[in-house]
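According to my numbering, numbering within the sequence shown proceeds without interruption in unit steps and concludes at 1845. A virtual CB, placed ideally from N, CA and C, is assigned to each residue, including glycine. These figures come from a predicted structure and were not determined experimentally. Data block below; observations after.
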Amino acid sequence: MYAAPHYLHVTIVLPFFNLSLFYHVIVLSSHVPKLTDVGIQNLIAVVCFWGPIYKCIFVSSSTRSKLMRDMIDRLNTKYPIWNAGMGAGIAGPMLASAVSEAGGLGVLGCGAMQGVDAAAMITETKILTKKPIGANIILPMSDGSDVAACFDGGVDVLVLFWDDIQPFVKDAHSRGIFILSQCGSPEDAIRAADAGADGIIIQGIESGGHVSSSQKLVPNLENIISHVKPLPCIAAGGLSTGAQIKDILSRGAKAVSLGTRFLATHEANANDAYKNRLVASKSEDTVVTKLFDGGWPNAPHRVIINEDYTTWVANDSPDAPNRPGEDEYIGCIAKTDGRELKLSRYTTMPAVKNFTGSIENLPLYAGTSVDNIHTIESVENLFKILATEIVKADK
């Protein structure tokens, strides 16, 4: 089980009033709930000024983990529903802002993006909503500029996936940003908790897109919660109905992160042909593979079977660089600033709205939740549907 760290009593003797120390503690204090919310005993740090002696009292009775347990409440969302930060801007400003406005937590998909593009998305989203927002970064595909954009843009939640979060924890907390790690195993979750994560997004193998788990969501959730409690855990993978949400919350999840369900919304920045394929598919039409590996090799991902996958299997599933049509040009993505991103076969890039080409040549990321997704909805209407289903499940 994850053992929460105990804070120490530290006395610092300085020859003059140190504004930098005072500022540092103010920053720390801004990252905890108001005194009226949790009681004075729950302060992370109190500074007492006695002449030249500044005493920082780190209260052992209220560890960071206990405080972070209240993260969901402090984000103050109406519903415990987040959209997954689907990469390359699939979860863009329109989707993230709509989710936050509807009462959930909107999470931008900044994975596989340059910092300048991530910064532009954050700026646009903050114009569209004044409510909390998050951003998701895929660390193996990051050059660091996307993380910097999240820090500078002042997102409320930073979700990191597929690597060690420790190098980013201090900078996130100094800015009052909650930092979460998306994990697929107890080992990864414990490592993230020890590094200072404020919460864990627990992934099941049912998830669409890149999958770090080999286990189904429910047993994985219950196992990981037992290791990292009281850190809040958010469940992801195969969820698309109110009944499923109610069930997973009853098992200890504090919220859910829905990807495929929000992909099938008008606000998602996905190609219409992609959305239409999604609502026409069943879970048996999806497969976990490593085929679409351009820029990120050996990373399993769940996709809807398309022509490129079928052709590859028909040719005995050869490894790169001997796959059919290897490195052939398959289309491009037009950027809003006039730039054009050219794509080769087996790219990791999804079919965003501005993609020109055939979706048969791109990874159609989707989870097993397609079984319950039959229509493309507005985010507002989807929240109404889910809320109604949750109420019905209570009866």
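Three-state secondary structure (DSSP) of residue i
i                  : result
asparagine 1765    : coil
phenylalanine 1742 : coil
serine 1819        : helix
asparagine 1670    : helix
alanine 1552       : helix
cysteine 1782      : strand
serine 1663        : coil
glutamate 1717     : coil
threonine 1760     : helix
arginine 1711      : helix
glutamine 1694     : helix
asparagine 1748    : coil
isoleucine 1476    : Caution applies to isoleucine 1476, whose pLDDT of 33 falls short of 50 and renders its modelled position unreliable; the model cannot decide the point.
leucine 1689       : coil
lysine 1834        : helix
asparagine 1726    : helix
threonine 1806     : strand
lysine 1576        : helix
glycine 1603       : helix
alanine 1585       : strand
lysine 1792        : strand
glutamate 1827     : strand
glycine 1559       : strand
lysine 1681        : The residue you asked about is not lysine; residue 1681 is leucine in the sequence shown. Note: leucine 1681 maps to coil in three-state DSSP.
Residue i, buried or exposed, once every other Cβ within 10 Å from all chains shown has been counted against 16
i               : result
alanine 1851    : Residue coverage of the chain in this structure runs from 1451 to 1845, which leaves residue 1851 outside it and unanswerable.
valine 1661     : buried
arginine 1789   : exposed
histidine 1779  : Note on identity: in this sequence residue 1779 is tyrosine, with histidine being the wrong assignment. By the 10 Å Cβ count, tyrosine 1779 comes out exposed.
proline 1800    : buried
valine 1841     : exposed
valine 1607     : buried
valine 1609     : buried
lysine 1725     : buried
asparagine 1831 : exposed
glycine 1594    : exposed
asparagine 1748 : exposed
isoleucine 1588 : buried
lysine 1620     : exposed
serine 1767     : exposed
Nearest-angstrom Cα separation, counted from residue j out to residue i
i                  : j                  : result
valine 1668        : isoleucine 1655    : 10 Å
threonine 1825     : alanine 1714       : 7 Å
aspartate 1567     : phenylalanine 1601 : 14 Å
aspartate 1735     : asparagine 1822    : 13 Å
isoleucine 1425    : methionine 1544    : Missing from the structure shown is residue 1425; the chain here goes from 1451 to 1845 and no further.
asparagine 1533    : asparagine 1586    : 10 Å
isoleucine 1531    : phenylalanine 1833 : 9 Å
leucine 1728       : proline 1813       : 12 Å
tyrosine 1759      : valine 1737        : 10 Å
arginine 1701      : tyrosine 1815      : 27 Å
asparagine 1907    : asparagine 1756    : Beyond the ends of the chain as shown, which are 1451 and 1845, falls residue 1907; an answer cannot be given.
tyrosine 1796      : arginine 1625      : 38 Å
serine 1515        : isoleucine 1583    : Residue placement at serine 1515 is poorly supported in this model, since its pLDDT is 45, which falls under 50; the coordinates still yield a value, given next. Looking at the two C-alpha atoms, the distance is approximately 22 Å.
alanine 1703       : threonine 1838     : 20 Å
serine 1707        : leucine 1699       : 12 Å
phenylalanine 1805 : glycine 1542       : 15 Å
threonine 1691     : alanine 1562       : 29 Å
proline 1528       : leucine 1836       : Note that residue 1528 is lysine in the sequence shown, not proline. Distance between the alpha carbons of lysine 1528 and leucine 1836 is about 13 Å.
glycine 1535       : glutamate 1776     : 29 Å
serine 1808        : serine 1794        : 12 Å
aspartate 1697     : threonine 1818     : 17 Å
glycine 1745       : aspartate 1614     : 19 Å
glycine 1564       : valine 1597        : Reading off the sequence shown, one finds glutamine at residue 1564, where the question assumed glycine. Answer to the nearest angstrom: the Cα atoms are 10 Å apart.
aspartate 1523     : alanine 1730       : 37 Å
threonine 1710     : aspartate 1644     : 30 Å
valine 1646        : lysine 1581        : The sequence shown places glycine at residue 1646, rather than the valine named in the question. Cα-Cα distance, rounded: 25 Å.
asparagine 1670    : leucine 1689       : 14 Å
Top-ranked residue by Cα proximity to residue i, from the options
i               : options                            : result
aspartate 1844  : Gln1694, Leu1555, Ser1733          : Gln1694
glutamate 1717  : Ile1674, Ser1733, Glu1551, Ala1598 : Glu1551
leucine 1525    : Pro1543, Ala1541, Met1536, Gly1553 : Gly1553
glutamate 1672  : Cys1782, Ala1784, Ile1650          : Ile1650
valine 1678     : Ser1700, Ala1686, Ala1598, Ile1640 : Ile1640
glutamate 1785  : Gly1539, Tyr1529, Gly1584, Gly1535 : According to the sequence shown, residue 1785 is lysine rather than glutamate. Taking only the C-alpha atoms, the option nearest lysine 1785 is Gly1539.
alanine 1705    : Ala1730, Ala1723, Ile1675          : Ile1675
threonine 1846  : Leu1741, Ser1828, Gly1745, Ala1749 : Summary: the structure shown does not reach residue 1846, with the chain confined to residues 1451 through 1845, and so no result is reported for it.
cysteine 1782   : Trp1746, Val1802, Ser1635          : Val1802
glutamine 1632  : Pro1682, Pro1747, Ala1598, Lys1620 : Pro1682
asparagine 1811 : Leu1836, Ser1828, Arg1773          : Arg1773
glycine 1559    : Asp1766, Phe1712, Ser1731          : Phe1712
glycine 1603    : Val1619, Glu1574, Ser1592          : Glu1574
isoleucine 1627 : Ile1652, Gln1653, Gly1634, Ala1599 : Ala1599
methionine 1521 : Leu1630, Ala1686, Lys1581          : Leu1630
Chain C within 8 Å of residue i, Cβ atoms only
i            : result
leucine 1741 : No chain C is present in this structure, which holds just one protein chain.
(message) Threshold first: 4 residues or longer. Then list the alpha helix (DSSP H) segments lying entirely within the stretch 1612-1649, N to C.
(response) 1616-1624, 1636-1645
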